[in-house]
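Residue numbers (our numbering), protein chains in the order written: chain A, 1 to 261; chain B, 262 to 555; chain C, 556 to 878. Quick reminder that beta carbons are idealized off the backbone N, C-alpha and C, glycines included.
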Amino acid sequence: MPILTVNKLTKSFGGLTAVSNVSMELNHGELVGLIGPNGAGKTTVFNMLTGIYTPSSGNITLSIDGRDIRLNGKKPYKICKAGVARTFQNIRLFKDLTVLDNVRISMHKNIKYGLLHGMFHSRLHSDEEKRLLDKSIELLSILKLDHKKDELAKNLPYGEQRHLEIVRALATEPSLLLLDEPAAGMNPAETAKLTEVIGWIRKHFNLTILLIEHDMSVVMKICERIYVLDYGIVIAEGSPDEIKSNQRVIKAYLGEDMRNA
Amino acid sequence: MEQFLQQIVNGISLGSIYALIALGYTMVYGIIKLINFAHGDIYMLGAYIGYFCMTHFHLGVIPSLLIAMAICTLLGVIIERIAYKPLRNATRIAVLITAIGVSLFLEYGTMFFVTANVRSYPPLKGILTQSFKLGNIVITAQQILIVCITVILMVFLQFIVKYTRIGKAMRAVSLDRDAAELMGINVDNTISFTFALGSALAGAAGILVGIYYNSINPLMGILPGLKAFVAAVFGGIGIIPGAMIGGYFIGTVEVMVAGYGNSMFKDAVVFAILILILIVKPSGLLGKETKEKV
Amino acid sequence: MKKLADIKGIKKWVALLLTYAVVQLLVSLNIINDYIMATLTTICINIILAVSLNLITGFTGQFSLGHAGFMSIGAYTCAIIIMRYPSPVSFITGLFLGAIFAALLGFIVGLPTLRLRGDYLAIATLGMAEIIRIVFLNLDITNGAAGLFIEVQYTNWLWLFIFTTGTVILITNFINSSHGRACISIREDEIAAEAMGINTTKYKVIAFIIGAFCAGIAGALYASYFYFIKPDLFGFLKSIDILVIVVLGGLGSISGSILAAFLLALISSLLQSFPEIRMVIYAVLLIVIMLFRPQGIMGSKELSLSAFKSLGGIFERRNGGER
């Protein structure tokens, strides 16, 4: 049962076609990788999936609880409310805010009190705030960030900033999580731990995950299926083993990396 | 029809002045992303310097113009060095407040020395008092002078920006300051030079407006300054030809509204145009839409 | 509705009531004379203006140069109403009506222009305020450039106190609610905020509406205290004045805005004795403050009661965590 159906998605900037006729399907609970050389259009696909770019043509459909929601052209916050969350390749935390606030902001879409309750700090407000606090700490503890909840996001070490991005995305209570190079800039030990965490959160939160990653050790280890993008088109799709032995993929991009993986 | 053409002539004269001021705004914004609120006051100072050259030293229009431009150039550079340069890495809003501070300083400092009274420019002599008739359209020698000087200055500016080393440096710094610095461009000097150019043009505009409207006062820079900024935004801020087009457009619109509608509302119309253009095409007439890379 | 249970909360309310009572006492004993009262009124009005602009510019990160425009809507609405029907009831009606009109305008102007970023928004709001001013200059009901004389004075210490503390408390509460955090996230990173499910346009407009509403209240208080209003009082310079208080106090610091409102009143009353160079000194001060402390007195921090105990701490904050 697909949760996300992407049909012939295309994006052109002026004369340049960054993504061309990309079709993919993500089944519920799957962990799918999206790989490809630099500039292949992976992040552009993410940006279309999350509404930051409007597709030039094609369709994106999200199916949750038997309901189909057409995502293309929707505003990012609506897509987030529909159940799609993401992290950013170049970390985009609210860096002058505390770790806790970063997480709480993501929970805003589900709060139960209105403006006036907020202005008069009503009972409902304090109850909800208590709930947000508890939930944030619970989420932060998954990646062992709970003891740093009052630090400013910008003061966290690089690796923890990437972790916080994931927690922040989880706080929106998504059904589909898009991770844009979560292991970028991490050392092998950190990467190994992150790989484990991604697997764990998928199970724990019953998530479907689409992952962009350059580190083949991560992709090959945890992804069940992989799409390979090159020059904006899907050149291969299959299990990690199939991808490893796909001649076109090796030729396009994987060459040396495969022998290391 | 004739009245319409007459308004066009008047609009072009006024537009020339706006265009000259707008050029300074657009260049400074292009290079350091600052709305230099003090720019309108440089224009006011240009008018006063011209006034003193003509009344106290009995100089002609052209020598007065050159002196006003020279002094304004110097002032522009000094202001940049003292007030803006130390804030190169501060928040935009801090620099903006500083610019407002400089603006108030120039306005009220001038008022302290020359009083708040309105002064009238000395009467012109010789050929400059004449006017010519084309059918029923009157073109004064002053208008011809204004347009000619403006065109000469614009051509000169285009030459500097397009064909000289420093012009190339200006364009480089406005595209990417860090990269320009890495390529060995002296960014500070380039920024100072931009202020110098803009201030010289504003100084020229000041003296021309003195000649045209014949009255000057220390707060005269505020509104034309804002309108020139509107002109710069209209044409696409940071784009030199845009500022020229914007200047002429705003000048013409203003004259038209005053001529055919209610002159009390001419400023309101200019600001309404601003809001409209910002909503429809924030990057301005000649600007390109840029989207933040994610 | 209100949760007063905790001791800290009670302490706050007691302190507030005490402040009110003490000033009221001094007023009735005539120790606070008309001159001091006028200064105090200016301070209160400036606090309302600065705190509400801080919500827009300091917290939501939307650069507005047109706050005086909203203020003028409140001032004129209230003035026109109390001139027709002079009574305390119509003063309050006029005040809220003015605030609502200002908020409405904030909504109408905000919706299309808030798509603009940074400087462009600043210029658009400046243009809006100028248009309002020019319209008031040309209407009959506002008596054009000559302005309006309001014969009765309804603004007194009680109303000033209620509206000033009310504004400060409600805006502070708002900022500390989830809605306030949504606004702050826009300042921090609009794209990330949107991706995390924040309807950024909605919250920008909300900040604008609340800010405009409060500015309208401030205008109404002004009109019914100082007897006289004219369009030029609410020009570009007034918007700048408010912005200066906000930046001087620190963008994103409510206590900073309050502190700066007091400080500026102090400076301007000191400068009263030098009318010729008053504005020049003011300008120089602005430049010097921006050169040496561009983040303002408080940065984005808040002054807490414990900070009073170690006043020296303010200066140590220099190396603190400001942006």
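{"Check": "Test: C/A762 CB closer than 8 Å to a CB of chain A", "Outcome": "no"}
{"Check": "Proximal residues to A/F88 (C-beta, below 8 Å), its chain only, five neighbours per side dropped", "Outcome": "E165, D180"}
{"Check": "Residue-chain proximity (A/L49, chain C), Cβ-Cβ < 8 Å", "Outcome": "no"}
{"Check": "Environment of C/R878 [buried if 16+ CB atoms lie within 10 Å]", "Outcome": "Only weak support exists for where C/R878 lies, its pLDDT of 36 falling under 50; the coordinates are left without a value."}
{"Check": "Assigned exposure category for A/K11 - 16 Cβ within 10 Å defines buried", "Outcome": "buried"}
{"Check": "Same chain only: Cβ atoms within 7 Å of A/N110, ignoring 5 sequence neighbours per side", "Outcome": "E173"}
{"Check": "Extent of the continuous alpha helix (DSSP H) run through A/E25", "Outcome": "Per DSSP, A/E25 belongs to no alpha helix (DSSP H); it is in the beta strand (DSSP E), 16–27."}
{"Check": "C/Y590 at chain B interface by Cβ criterion, 8 Å", "Outcome": "no"}
{"Check": "Residues of its chain near A/L229, where Cβ-Cβ distance is below 6 Å and the 5 sequence neighbours each way are ignored", "Outcome": "G36, A40, G41, K42"}
{"Check": "Residues near A/K221 by beta carbon distance below 7 Å, same chain, minus five either side", "Outcome": "T195"}
{"Check": "Element boundaries [alpha helix (DSSP H), containing A/E196]", "Outcome": "188–205"}
{"Check": "When C/G854, C/N585, C/T710, C/I591 are compared against C/S642, the one with the closest alpha-carbon", "Outcome": "C/T710"}
{"Check": "As assigned by DSSP and simplified to three states, the class of A/S245", "Outcome": "helix"}
{"Check": "Three-state secondary structure (DSSP) of B/I400", "Outcome": "strand"}
{"Check": "C-alpha gap between C/T648 and C/A654, whole angstroms", "Outcome": "10 Å"}
{"Check": "Classification of B/Q264 by the beta-carbon crowding that lies within 10 angstroms, buried from 16 upward", "Outcome": "exposed"}
{"Check": "Touch test, the stretch 313–328 of chain B against the stretch 491–508 of chain B, Cβ-Cβ under 8 Å, three pairs minimum", "Outcome": "no"}
{"Check": "Within 9 Å of chain B by C-beta, residues of the stretch 643–676 of chain C in sequence order", "Outcome": "V664, P667, T668, R670, L671, R672, G673, D674, Y675, L676"}
{"Check": "Which residues DSSP lists as bridging A/S57, in chain order", "Outcome": "A/T10"}
{"Check": "Best match in C/M751, C/I600, C/N609, C/V644 for proximity to C/S627 [C-alpha to C-alpha]", "Outcome": "C/I600"}
{"Check": "Contact set for B/A360: own chain, Cβ-Cβ below 8 Å, skip 5 residues either direction", "Outcome": "L295, I296, N297, F298, A299, A344, Y345"}
{"Check": "Residues sharing a beta bridge with B/S381, DSSP", "Outcome": "B/S476"}
{"Check": "Beta-carbon proximity check, B/A329 vs B/G301, cutoff 8 Å", "Outcome": "no"}
{"Check": "4 or more residues per run - each alpha helix (DSSP H) lying fully within the stretch 34–104 of chain A", "Outcome": "42–49, 76–82"}
{"Check": "Option in B/I446, B/A461, B/G471 with minimal Cα separation from B/F417", "Outcome": "B/A461"}
{"Check": "Cβ neighbours of C/I809 in the same chain (closer than 8 Å, five flanking residues each side left out)", "Outcome": "V606, N609, V723, I726, T727, I730, E857"}
{"Check": "Strand pairing of A/G114, partner residues [DSSP]", "Outcome": "Answer is none; A/G114 lacks a bridge partner."}
{"Check": "For C/L846, three-class secondary structure by DSSP", "Outcome": "helix"}
{"Check": "Segment limits, beta strand (DSSP E) that includes C/Y782", "Outcome": "No beta strand (DSSP E) holds C/Y782; DSSP gives it neither H nor E."}
{"Check": "Bridge partner(s) assigned by DSSP for C/F704", "Outcome": "C/F783"}
{"Check": "8 Å Cβ cutoff, B/V363 in contact with chain C", "Outcome": "yes"}
{"Check": "Whole beta strand (DSSP E) elements within the stretch 356–380 of chain B, 3-residue minimum", "Outcome": "none"}
{"Check": "Whole-angstrom C-beta distance between B/G486 and B/I477, which should lie under 8 Å", "Outcome": "With a Cβ gap of about 14 Å, B/I477 and B/G486 do not count as contacting."}
{"Check": "Alpha helix (DSSP H) segment containing B/K527, residue limits", "Outcome": "527–541"}
{"Check": "Alpha carbon of C/Y758 to alpha carbon of B/L336, nearest angstrom", "Outcome": "43 Å"}
{"Check": "Length of the line joining the Cα atoms of A/A85 and B/G291", "Outcome": "37 Å"}
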